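Novice: Here's a structure for you.
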Amino acid sequence: MTTNIGIKSKAASVEFKQVTKIYGGDVKAVDEVSLHVNAGELVTLLGPSGCGKTTTLRMIAGLEMVSSGSIYIGEQDVTLLPATDRDVSMVFQSYALFPHMNVFENVSYGLRVSKLNKKDILEKTNTGLELVGLAGYGDRLPSELSGGQQQRVAVARALVLEPQVLLFDEPLSNLDAKLRRQVREEIRELQTDLGLTVVYVTHDQEEALAVSDRIIVMRNAGIAQSGSPRDLYEQPADSFVADFIGEANIMDVQISSVDEHTGLARVTLGNLSLELSSRGMSAGPAKLAVRPNRIHLLAQSDVPSLEGVVRKSTYVGNHMEYVVATDHGEWFSISDNVDEVFGAGVKVQVVFSERGPVLLPD
Amino acid sequence: MNRTIALWLFVGLLGFCVLPWYVLDDGLWSFEWLTDGYPFDTDYAPALFLLLQGEKLWLSPVPVLLSLPLLGIVLSKLIPTRPRLLGQILCLAGALGLAYMLAQGFAIGIRGWNSELLVQAFGELGDRQFGFGYGAMLVCISFLFFLTTGIAARGAVNGDVFIVGAIGFVIALVGMFILFPVLNMLSSAVQDGDGNYSFGIFFSKLFSSKIWGLHCLTENRSCGVAWNSLVLALCVGALTTLLGLVFALVATRSGMRQAHLLRPLTVLPIITPPFVIGLAIILLFGLSGAVTTFVADLLGINPTRWVYGLPGILIAQLLSFTPIAFLVLIGVVEGVAPSMEEASQTLRATRWQTFRTVSLPLMRPGIANAFLLGFIESMADFGNPLVLGGNYDVLSTEIFFAIVGAQNDQGQAAVLAIVLLIFTLSAFYAQRRWLGKKSYTTQTGKGDSGIPAVLPRRVLIPSYILVSIWSIFTIVVYGMIFYGGFVEIWGLDHSITLKHYITAFGVTMTDNGLHFRGSAWDSFWTTLRIAATAAPLTAAVGLVTAYLLVRQDFAAKNAFEFGTMLSFAIPGTVIGVAYIMAFNVPPIELTGTGVILVLSFIFRNMPVGIRAGVASMSQLDKSLDEASLTLGANTWRTFREIILPLMKPAILAALVFSFVRAMTAISAVIFLVSAEHNMATSYIIGRVENNDYGIAIAYSTTLIVVMLVVVLVMQLLVGKSKVGRRVAQKITPTV
Chain A
271 MTTNIGIKSK AASVEFKQVT KIYGGDVKAV DEVSLHVNAG ELVTLLGPSG
321 CGKTTTLRMI AGLEMVSSGS IYIGEQDVTL LPATDRDVSM VFQSYALFPH
371 MNVFENVSYG LRVSKLNKKD ILEKTNTGLE LVGLAGYGDR LPSELSGGQQ
421 QRVAVARALV LEPQVLLFDE PLSNLDAKLR RQVREEIREL QTDLGLTVVY
471 VTHDQEEALA VSDRIIVMRN AGIAQSGSPR DLYEQPADSF VADFIGEANI
521 MDVQISSVDE HTGLARVTLG NLSLELSSRG MSAGPAKLAV RPNRIHLLAQ
571 SDVPSLEGVV RKSTYVGNHM EYVVATDHGE WFSISDNVDE VFGAGVKVQV
621 VFSERGPVLL PD
Chain B
271 MNRTIALWLF VGLLGFCVLP WYVLDDGLWS FEWLTDGYPF DTDYAPALFL
321 LLQGEKLWLS PVPVLLSLPL LGIVLSKLIP TRPRLLGQIL CLAGALGLAY
371 MLAQGFAIGI RGWNSELLVQ AFGELGDRQF GFGYGAMLVC ISFLFFLTTG
421 IAARGAVNGD VFIVGAIGFV IALVGMFILF PVLNMLSSAV QDGDGNYSFG
471 IFFSKLFSSK IWGLHCLTEN RSCGVAWNSL VLALCVGALT TLLGLVFALV
521 ATRSGMRQAH LLRPLTVLPI ITPPFVIGLA IILLFGLSGA VTTFVADLLG
571 INPTRWVYGL PGILIAQLLS FTPIAFLVLI GVVEGVAPSM EEASQTLRAT
621 RWQTFRTVSL PLMRPGIANA FLLGFIESMA DFGNPLVLGG NYDVLSTEIF
671 FAIVGAQNDQ GQAAVLAIVL LIFTLSAFYA QRRWLGKKSY TTQTGKGDSG
721 IPAVLPRRVL IPSYILVSIW SIFTIVVYGM IFYGGFVEIW GLDHSITLKH
771 YITAFGVTMT DNGLHFRGSA WDSFWTTLRI AATAAPLTAA VGLVTAYLLV
821 RQDFAAKNAF EFGTMLSFAI PGTVIGVAYI MAFNVPPIEL TGTGVILVLS
871 FIFRNMPVGI RAGVASMSQL DKSLDEASLT LGANTWRTFR EIILPLMKPA
921 ILAALVFSFV RAMTAISAVI FLVSAEHNMA TSYIIGRVEN NDYGIAIAYS
971 TTLIVVMLVV VLVMQLLVGK SKVGRRVAQK ITPTV
């Protein structure tokens, strides 16, 4: 994909102020959500189905109208503007290419509707097609393209309007796994090269981690946590986020004391004593989250560790998966070492990476 | 917004200042007025010139109301702090304007003021009302769209001018041409001859023994017409459902290869004028019918008129309406997922047990639906009872005779129409209330790899027998219709002749070119012209309504849907009576014109257009619309550039169906035809009443052939389409 800058970006920020969307009188699809997307930033809305992420996206586009609250794009209050009048383009999950128009007509549709002159339409459409690597495909009908090509036409169609905000609604869900990685990299590249403001909806956490500047995790019509991919993965706000983004072992623990000066909390698991960031919690019950790849199994350990017995040992090609039973619950662990494996029933020592365990509120 | 206002303002001014205000005597399409004293002759003058000459002074508020929106635009420019002002003024202008137009239209009648109160208030009026013409219509339209634009400006449906306008337009049409005539008819039923309201007379008419009498149970007299209709409709509903189910089962579950040949049957009721089957029955079983005379000769008895009455109507309606039940039930039978039956079989049920306990119960809602459809169709049927009724009077024919017979009792016709309407509306209501939501459809859109279970033997064999008998009978009936047109005089002289065709469709070459001297040409061309005018309008109204129903959300959408589908449940005879009562007098004076025929077709056939549109639009991915909207196109442009092109098959289907249905309709038409605008079907009925069967049959055959050609051409154009059912092609981007 070339990075010809014949198409400019008018990237603008997006702001939700206590936006609520109610369907049919009592179903709250989005509940008092406030969020901010900076100009030129790629923000992903991530969450399980029914969490309100698509509704949020459609409200940015103007395809759904808010029940209360207000929406700003750039400096402008667009709360009451219908989709037609907003400077926002969207790439749909089904691509929504017009089947009765060829690729050129599809991509130029928005330009024609905006009554640009013929020369500009031709130029911008061709630039758009070049940008997504489809120069020369103008005469094809959408039905004559592969899934990946259709997807690029949809992106070009949205790009040529130079929108203030570009929206993606699960754009990769109709592609096969290998193509997904490639297309998401292309989208990210376009976004950074053109400096676009992009809001991206997905339910695939890996996809979200890979493309985003920032991820907003949604749950039950509200925002669960917002932050950079690394923040969310390593410092999840609660067990929902910890579990939704990647897998996590989540155990009930007791915080025995919190050091006021260092902010470190002391947690004991058997003969294992951990000092972890208290994250504002005080002594009492809490949860401990540990990613499976931060749990290591050793035959013998010099440092303090948990004693356990391997219950399951599964070979999955590029790594091993273990389930280990200890006095303090069952732990799920993965290990890259596929050469020296522990069989089921073997006694092992369980240790955590230094930055592995994270405390979560109970 | 301002451009929209300017457009409707222009239309309104055109209507007020330029076009003739009142209806023209010579019909809508005559342009004699242009050269004949326009614009000063009061017959042709625009309202502006009428007022300037001091005539029709009650029109003077109209220009004031028309110019209100201008004031609105100016004010909203001057006071930018009140953004809602323009909308409010538009609403006010539109609502007041419409109200005033209607008020002046209805307050002044043929003999001056319509009500004593107004005479007392304003004194006698030395003038009369004429029907609304071009000018008045345009002004009404511009008021209507001022109102809808105003409502949109105040934020309804996201302030979408096109959508609000379309909703307003459809509501106005349905109100004017369905609700108004029907309500008007209801109110005339409670008036006595002098126009006074009298519920006593109404109730005595409504509950008279002529309608509800039960003499047939005790003595040798006929029962009331309501009972006759009811008994007939129940029989027809039950039997067509049974036959339709049998056909559907044989077509889909017999494993018979030839089963797909049954499908073309479904085209028959669409292309056959409703009374033609009745004619064929007469040819077969009438006094001099082929079967009657054969059996009489064989047994040595005198031929009888046994077929006239309940048996004849029943046979004719069964032949006419079974294909409709088949159409409904084949969808239902196909909707039962084969995997359900396979599951049942793996649970050790026999074929018969599976059929009885799984397949049949799953079809239950469809069966009830088919029954109600048959019931409504039978109640509304006019042609067959007219031809075959004998002494067995039913509501639809009684309504006709109350109007055209010696009695000419509109009140009686209205009362009978109310009874008929109560029956059909109850059935319609039951269908929607009780079955509308309930669906046992087990197909999910995911592929079902199961194979439909073959019918158990004890169902299959009787089914084959029934289907064979019915098919042979149908072939004989259509053969009769074809053959009958070539016979000198049926029953007396069976020599082959072309004379009926020559009488009806003779063409001679003269010096001036072709001369269509056959007696049927007049009505044939009229029918073609009117059907061709009605078809695009029907399709347009139907598709716009379908678009609103499928794609838009607005307050009172359910009521809107109910209102638009209502005309489906209103029998043609009722529409016919209601139209002549409502549109015989100003302000909408249409009786005797071609326009009233076109209008009746539009509103009789609108549900067909709506259904075709709804079915096809539901197949279009909604994100196509949304994509267009986010790319900056407004709803009107989206409708025009995305929806319409993708709906071509549905549009074509709606066009052809409304065309064909307009060609074959009789029940409403027979009230609305005039010497000048005679339709093929009413011409044929006239010939039947004169016992001129030869020409009637020759003409019917011609019609059937013409329509068959039309339907076939459409099938070619659309490619693969199922007539009468969803004509939608799945159009989603391949993934």
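Each protein sequence line maps, in turn, to chains A and B. For the first sequence, my numbering assigns the number 271 to the initial residue and increments by one for each residue that follows. For the second sequence, my numbering assigns the number 271 to the initial residue and increments by one for each residue that follows. Idealized CB from N, CA, C, for every residue including glycine. Please read these numbers as outputs of a predicted model, since none were measured by experiment.
Measuring only the C-alpha atoms, how far is K291 (chain A) from S304 (chain A)?
Specialist: So the alpha carbons of these two residues sit roughly 12 Å apart.
Novice: Take every Cβ of the stretch 811 to 831 of chain B, pair it with every Cβ of the stretch 845 to 862 of chain B, and state whether three or more of those distances are shorter than 8 Å.
Specialist: At 8 Å Cβ cutoff, the stretches do not touch.
Novice: Using a Cβ-Cβ cutoff of less than 6 Å, which residues in the same chain neighbour M590 (chain A) once the five nearest sequence positions on both sides are dropped?
Specialist: For M590 (chain A), where only same-chain residues beyond five positions count, the Cβ hits under 6 Å are S605, V608, V611.
Novice: Closer than 8 Å by C-beta to N904 (chain B): which residues in its own chain qualify, once you throw out the five before and the five after it? Chain order, please.
Specialist: Hits under 8 Å: D430, F432.
Novice: Between which residues of its own chain and G403 (chain B) is the CB-CB distance below 8 Å, once the five residues before and five after are set aside?
Specialist: Excluding residues within five positions, the ones whose Cβ falls inside 8 Å are L289, P290, W291, Y292, V293, L294.
Novice: Below 8 Å on the Cβ atoms is my guess for F625 (chain B) versus L725 (chain B); work out the distance and round it to an integer in Å.
Specialist: About 7 Å separates the two Cβ atoms, so the contact holds.
Novice: For P506 (chain A), does the count of other Cβ atoms within 10 angstroms reach 16, so buried, or fall short, so exposed?
Specialist: With 16 or more Cβ atoms within 10 Å of its Cβ, P506 (chain A) is classed as buried.
Novice: At 7 Å on the CB atoms, spell out the chain B contacts of T354 (chain A), in chain order.
Specialist: Result: L899, G902, A903, N904.
Novice: Is there a C-beta anywhere in chain B that falls below 8 Å from the one on V303 (chain A)?
Specialist: With 8 Å as the cut-off, V303 (chain A) does not count as an interface residue toward chain B.
Novice: How would you list, in chain order, the residues of chain B whose beta-carbon sits under 8 Å from the beta-carbon of S359 (chain A)?
Specialist: Simply T900, L901.
Novice: Once DSSP output is grouped into helix, strand and coil, what is the label at Q701 (chain B)?
Specialist: Helix.
Novice: According to DSSP, is R621 (chain B) part of a helix, a strand, or is it coil?
Specialist: Looking at R621 (chain B) - three-state DSSP - the assignment turns out to be helix.
Novice: What's the call for D306 (chain B), buried or exposed, on a 16-neighbour Cβ count within 10 Å?
Specialist: Exposed is the call here.
Novice: Run down chain A in chain order and give the residues with a C-beta less than 9 Å from the C-beta of E896 (chain B).
Specialist: Those are R328, A331, L333, A353, M360, F362, A366, listed as they occur along chain A.
Novice: Between the C-alpha atoms of V284 (chain A) and F362 (chain A), what's the straight-line distance to the nearest angstrom?
Specialist: Going from the Cα of V284 (chain A) to the Cα of F362 (chain A) covers about 19 Å.
Novice: Just verifying my parser: in three-state terms, what is the DSSP assignment at Q420 (chain A)?
Specialist: DSSP places Q420 (chain A) in helix when its eight states are reduced to three.
Novice: Return no unless some Cβ of chain B is closer than 8 Å to the Cβ of R561 (chain A).
Specialist: No, R561 (chain A) lies away from the interface with chain B (no Cβ there is under 8 Å from its Cβ).
Novice: Please report the residue range of the beta strand (DSSP E) in which M371 (chain B) lies.
Specialist: M371 (chain B) -> not in any beta strand (DSSP E); alpha helix (DSSP H) instead, spanning 355 to 377.
Novice: Would you mind sorting L899 (chain B) into buried or exposed? The rule is 16 or more other CB atoms within 10 Å of its CB.
Specialist: Per the 10 Å Cβ criterion, buried.
Novice: On a Cα-Cα basis, can you pick out the residue from A:L429, A:G344, A:R489, A:S552 that is closest to L460 (chain A)?
Specialist: The shortest C-alpha separation from L460 (chain A) is found at A:L429.
Novice: Please report the straight-line C-alpha distance between R549 (chain A) and V453 (chain A), rounded to a whole angstrom.
Specialist: The alpha-carbon atoms of R549 (chain A) and V453 (chain A) are separated by roughly 38 Å.
Novice: Roughly how many whole angstroms lie between the Cα atoms of N444 (chain A) and A366 (chain A)?
Specialist: Going from the Cα of N444 (chain A) to the Cα of A366 (chain A) covers about 12 Å.
Novice: Considering just the uninterrupted stretch of the alpha helix (DSSP H) at V522 (chain B), what are its terminal residues?
Specialist: Rather than Val, the amino acid found at residue 522 (chain B) in this sequence is Thr. 495 to 523 is the span of the alpha helix (DSSP H), which, as asked, contains T522 (chain B).
Novice: Can you have a look at D572 (chain A) and say buried or exposed, based on whether 16 or more other CB atoms are within 10 angstroms of its CB?
Specialist: That one is exposed.
Novice: Which whole-angstrom value describes the C-beta separation of K480 (chain B) and V460 (chain B), a residue pair presumed to lie in contact below a C-beta threshold of 8 Å?
Specialist: Between V460 (chain B) and K480 (chain B) the Cβ distance is about 18 Å, and since that is not below 8 Å, they are no contact.
Novice: Considering only C-alpha positions, which residue in the set B:F927, B:V427, B:F415, B:F376 is nearest to A825 (chain B)?
Specialist: The shortest Cα separation from A825 (chain B) among B:F927, B:V427, B:F415, B:F376 belongs to B:V427.
Novice: Say whether chain A places a C-beta atom closer than 8 Å to the C-beta of D891 (chain B).
Specialist: Cβ-Cβ to chain A under 8 Å: yes for D891 (chain B).
Novice: At which residues does the alpha helix (DSSP H) containing I552 (chain B) begin and terminate?
Specialist: First-last of the alpha helix (DSSP H) with I552 (chain B): 546 to 555.
Novice: Please state the DSSP three-state secondary structure of S765 (chain B).
Specialist: Three-state DSSP puts S765 (chain B) in a strand.
Novice: Identify each residue in the stretch 413 to 445 of chain B for which the Cβ-Cβ distance to at least one residue of chain A is less than 8 Å, and report them in chain order.
Specialist: Flagged, chain order: G425, N428, G429, D430.
Novice: Who are the neighbours of R427 (chain A) on chain B, taking C-beta pairs under 9 Å?
Specialist: Ordered by position in chain B, the residues that pass the 9 Å Cβ test against R427 (chain A) are A897, L901.
Novice: May I ask which residues mark the beginning and end of the alpha helix (DSSP H) holding N454 (chain B)?
Specialist: That run of the alpha helix (DSSP H) goes 450 to 459.
Novice: Anything in chain A within Cβ reach of P915 (chain B), meaning under 7 Å, just list it in chain order.
Specialist: Those are H370, listed as they occur along chain A.
Novice: Please state if the CB of V737 (chain B) and the CB of F517 (chain B) are separated by a distance shorter than 8 Å.
Specialist: Cβ distance < 8 Å, so F517 (chain B) and V737 (chain B) count as in contact.
Novice: Hey, does T272 (chain A) have any beta-carbon neighbour from chain B nearer than 8 Å?
Specialist: With a pLDDT of only 42 at T272 (chain A), under the threshold of 50, the placement of this residue in the model should not be trusted, and no figure is reported.
Novice: I912 (chain B) versus chain A: which residues are under 7 Å apart at the beta carbon?
Specialist: Within 7 Å Cβ-Cβ: F368.
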